[in-house]
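**Student:** To start, I am sharing the structure in question, which I have written as structure tokens.
Numbering (our numbering), first residue to last: 634 to 749.
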């Protein structure tokens with residue numbers, strides 16, 4: 634089963650969900666606003682991706698919190714991600730033993746169309 638983490642209002646999440654619907658792929662959507670992820674889940678993801686991929690330093694939340702000036706190390710970034718899930722680059726996709734971050738149709742095609 635594909636698990637999609639994000640928020641419903643995010644453009645990239647909307648594209649990912651539409652992709653799965655258009656390709657008749659079953660998925661479970663987990664909304665950060667109603668079911669926030671914790672440090673344990675973030676650390677699980679970090680076994681399969683890198684902190685700089687997961688940590689969204691281009692988003693509104695990053696700017697409004699003034700995090701650019703703090704020069705955060707990895708541990709601090711993980712703590713912030715757990716406190717403020719909106720700092721997580723979206724969507725985060727769990728699929729078998731993979732974690733895919735962000736929406737990229739060509740990457741999705743390579744991964745998910747193999748199973749059609």
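Ideal Cβ placement from N, Cα and C applies to all residues, glycine included.
Fair warning: this is a prediction, and the values are worked out from it, not measured in the lab.
1. Taking only runs of the alpha helix (DSSP H) that begin and end inside the region 668-706, which ones reach a length of at least 4 residues, in chain order?
2. Touching or not, the region 649-662 and the region 675-690, by the rule of three or more beta carbon pairs under 8 Å?
3. Please confirm if the region 667-675 is in contact with the region 710-724, defined as three or more CB-CB distances below 8 Å between the two stretches.
4. Can you find at least 3 beta carbon pairs, one from the region 699-709 and one from the region 733-747, that sit closer than 8 Å?
5. Quick one: Cα of residue 742 to Cα of residue 639, how far?
**Tutor:** To lay it out plainly:
1. 672-679, 684-687 and 693-697
2. Contact fails: fewer than three Cβ-Cβ distances are below 8 Å.
3. yes
4. With contact defined as three or more Cβ pairs closer than 8 Å, the region 699-709 and the region 733-747 are not in contact.
5. 20 Å
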